[in-house]
Each structure stands twice: as structure tokens, then as C-alpha cells.
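> Below you will find the structure I want to go over with you.
Residue numbers (my numbering): 1218 to 1549.
Below is the structure:
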């Protein structure tokens, strides 16, 4: 095992896959000479040259459209969109083209492309550069959506995504790029669609992904000091969801809190809550709780930003609510 930062694990994945398969190339704004907005692609231009590390115009539609076309004719593009907020400029190319082509052509054409993009708060970047928009993409048939929380999964899942035959949205939280963690030295792949138990426990289940996993783990540490053992389930893949892992954990603990940095209304937590309620309604000892960002635009002021997104204190509060819930309670 080697200790790597999240960004370095991603770069290692890109380098290994570009060395392994000459069809793999990367494209996006400032990914070449500049090395990417968060230094993920630093050094790749010098190693692989401008035909495989392509600096593009500042046009998200062009980037995604070029990736779709290249994938259709046999390439393995890895496109980078600097901020997920900017995907509004390329939703037609992703949603109506990349996600639908395999179906529209009767299975004769695949679109094996990866769309890397950054999202989340923590840098005071304001309402147009800090959103968490994963629910946009999980709603679209034909797309897979990945959101790793630790360096080992960042590398293993990116390698799996590049080898997959489908269009994949790969979400990287800006606040995780400097996170350090152990990464296996040998060749490995992390399977898509399989959740990870980040911490075992029997009293309740905390479900999250990306940076939210670390918020949940911090909350679990605080709960443990009070004698409460929370299981933390890291989804890793948002679509397809590992429904079996979700049900297995909640069937045992019978209480659940879902944590995500996206806004509450219409967030992925609502889908997870519905799935769990459908499967385990008779076993749940309390209503499913969601801890999410408030339904407001994200401010540039860092202090206000921290107040809007979930923290460990809010997760602990929700956990105590489900642990202390009485069936006699009613909604006023």
C-alpha cells in the first residue's frame, strides 16, 4: 500500500489506463499545460503528447459532444468539465445523445466515455461553482453515476469506469482532492455498483457518498462516545445503487439516516428513502431521516456556506431523533 492524495490516485488511474489502452485519451479545459483546475492531469501532456491530452476551447457542449462522437467510433475518451454547474451547457449532449445512443441504434453502438467533473462546497466559490447536482444524472436512463469518498476507490472506480462500455458521470468533490489514504500498489479495479461498509455498527445506519461519508464517520465517532454504534455505508456508486447492501444494513439496524451535500428537495436521499420504505416498511423502527443542504443557493461567504451544508452535529441530531422515536409520535 502507498499513501496517496485523492488527486494523485485519480492521476495514477488515468496514467495506467492510458498506458494500457491506446484508445484512452483525455480532453477538457486547461487539462494539458496547466494540468487541470485541481492538478489531476498534471504531467500527462508531457508523457502522452497533445493527441491524447487535448486542451479544448471553453465550451462544455463541445467537450462532451466530442467525447460522445469519439466514443461512438471506438475511442475511450475521459472528458473533464471544470465544475458540475457548467454541465447545464452540455445536458443535450449527455442526456439526449450519450445516454440514449445505445438504445436508439438497437444496441449496435456503444458510448464508452467517462465524464469527470468536480462538485461540492468548501472553497467559497459561490452559487454557480459549488452545487451538488448528482440527482440530475441519476434520473437519466442510460447513465452510470459514481461518487468516490477515498483515494483507493477514486483510483479503482475510475479505472473500472474507463473500461466500462457505457457513458459514466464520475463526480469528484473539490474538498477531497487533498485527502490522503492508502492505495494498493498492485493492479486492481473497484467494482461499479457495490457499496462499502466504512464502519460497522448495529444501532443505526448512516448512508452517504463522496464527502458526506466523512461527515457521517465524524458523527459516528461522536455517537460511539455515547455508546451508540452507527454503521456507515459508503454508496460509492449512485447509479446503479447497491440495493442489496442498503437493505441488508437497514434490515439489521432498523434505523437509518441519509446524508448528502445536495439540497434536500429532490435529492438522491429521497430516492433511497423511498426504496428502503418500500422494502422494509414493516421493520423500520422510525421514519427515515435525511440530512442535506438547505434549499437555498450556496453563498460565497465561507461561514454561511458551512451553515447550509450538513455537518456532524446535524447528523448526530438526526441519529438521536431516530433512536428516540416513539410510535405514538404524530406529525403536527
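Every residue, glycine too, gets a C-beta built ideally from N, C-alpha and C.
These numbers come from a predicted model, not from an experiment.
Can you tell me the Cβ-Cβ gap for residue 1272 and residue 1248, rounded? I've got them flagged as a contact below 8 Å.
With 8 Å as the limit, residue 1272 and residue 1248 qualify as a contact, their Cβ atoms being about 6 Å apart.
> Of all the options 1426, 1467, 1320, 1265, which has the alpha carbon lying nearest to the alpha carbon of residue 1231?
The option with the nearest alpha carbon to residue 1231 is 1265.
> In the DSSP output, which residue or residues are listed as bridge partners for residue 1387?
1333, 1363.
> Just the Cα atoms here: how many angstroms apart are residue 1350 and residue 1478?
The straight-line gap from Cα to Cα measures roughly 9 Å.
> Can you grab the Cα-Cα spacing for the pair residue 1262 / residue 1269, in whole Å?
Cα-Cα distance, rounded: 8 Å.
> Does DSSP classify residue 1232 as helix, strand or coil?
The answer is helix: DSSP assigns residue 1232 an H, G or I state.
> In the DSSP output, what is residue 1507 paired with across the bridge?
Paired residues: 1475.
> I'd like to know whether the C-beta atoms of residue 1532 and residue 1436 end up nearer to each other than 9 Å.
In this structure, residue 1436 lies closer than 9 Å to residue 1532 by Cβ.
> Helix, strand or coil: how does DSSP classify residue 1425 here?
The answer is strand: DSSP assigns residue 1425 an E or B state.
> Report the residue from 1339, 1396, 1357, 1345 whose alpha carbon sits nearest the alpha carbon of residue 1365.
Out of 1339, 1396, 1357, 1345, 1396 has the C-alpha closest to the C-alpha of residue 1365.
> For the ligand SAM, I want to know if residue 1470 counts as a neighbour, meaning its beta carbon is within less than 8 Å of at least one of the ligand's heavy atoms.
The ligand SAM is not part of the structure shown, which contains no ligands of any sort.
> Kindly indicate which three-state DSSP category residue 1294 falls into: helix, strand or coil?
Strand at residue 1294.
> Excluding sequence positions up to five away, which residues of its chain have a Cβ less than 6 Å from the Cβ of residue 1425?
The answer, listed in chain order, is 1433, 1476.
> Can at least three beta-carbon pairs, one atom from the stretch 1516–1531 and one from the stretch 1484–1495, be found at a separation below 8 Å?
At 8 Å Cβ cutoff, the stretches do not touch.
> What did DSSP end up calling residue 1220 once you bin it into helix, strand or coil?
DSSP places residue 1220 in strand when its eight states are reduced to three.
> What does the alpha-carbon distance come out to for the pair residue 1374 and residue 1292?
If you take the alpha carbons of residue 1374 and residue 1292, they lie about 19 Å apart.
> Along the chain, where does the alpha helix (DSSP H) that runs through residue 1370 open and close?
Unbroken alpha helix (DSSP H) run through residue 1370: 1368–1380.
> Grouping DSSP H, G and I as helix and E and B as strand, with all else coil, what is residue 1399?
Correct three-state label for residue 1399: strand.
> The beta strand (DSSP E) with residue 1532 in it runs from where to where?
That residue, residue 1532, is in no beta strand (DSSP E); its alpha helix (DSSP H) goes 1529–1540.
> For residue 1418, tell me which candidate among 1443, 1390, 1447 has the shortest Cα-Cα distance.
With distances taken between Cα atoms, residue 1418 lies closest to 1447.
> If residue 1300 and residue 1346 are in contact, beta carbons under 8 Å, what's the gap, nearest whole angstrom?
Indeed they touch by this definition, with Cβ atoms about 5 Å apart.
> Helix or strand or just coil, what does DSSP make of residue 1512?
Residue 1512: coil per DSSP, three-state reduction.
> Would you tell me roughly how many angstroms separate the C-alpha atoms of residue 1388 and residue 1336, rounded to the nearest one?
Going by the C-alpha atoms only, they are around 7 Å apart.
> Mind checking which residues open and close the beta strand (DSSP E) that includes residue 1242?
It spans 1241–1245 - the beta strand (DSSP E) in which residue 1242 sits, taken as one unbroken run.
> Can you tell me where the beta strand (DSSP E) with residue 1451 in it begins and where it stops?
Residue 1451 -> beta strand (DSSP E) spans 1447–1451.
> From 1376, 1275, 1422, pick the residue whose C-alpha is nearest to that of residue 1537; which is it?
Closest option to residue 1537, Cα to Cα, is 1422.
> With which residues is residue 1456 paired in a DSSP beta bridge?
In the DSSP output, where bridge partners are listed per residue, residue 1456 has 1362.
> Is it buried or exposed, residue 1326, if we count other Cβ atoms within 10 angstroms and call 16 or more buried?
Exposed.
> Buried or exposed: residue 1361, going by 16 or more other Cβ atoms within 10 Å of its Cβ?
Buried, because 16 or more other Cβ atoms sit within 10 Å of the Cβ of residue 1361.
> Within 10 angstroms of the Cβ of residue 1413, are there 16 or more other Cβ atoms? Answer buried if so, exposed if not.
With 16 or more other Cβ atoms within 10 Å, it is buried.
> Give me the Cα-Cα distance between residue 1407 and residue 1385, rounded to the nearest whole angstrom.
Distance between the alpha carbons of residue 1407 and residue 1385: 15 Å.
> Are residue 1480 and residue 1505 closer than 9 Å when you measure CB to CB?
Contact flag unset, no.
> Taking 6 Å as the limit between beta carbons, can you name the residues of its chain near residue 1370, skipping five residues before and five after?
For residue 1370, where only same-chain residues beyond five positions count, the Cβ hits under 6 Å are 1407, 1453.
> Could you check whether residue 1285 and residue 1310 sit closer than 9 Å to each other, using their CB atoms as the reference points?
Yes; because the gap between Cβ atoms is below 9 Å, this pair is in contact.
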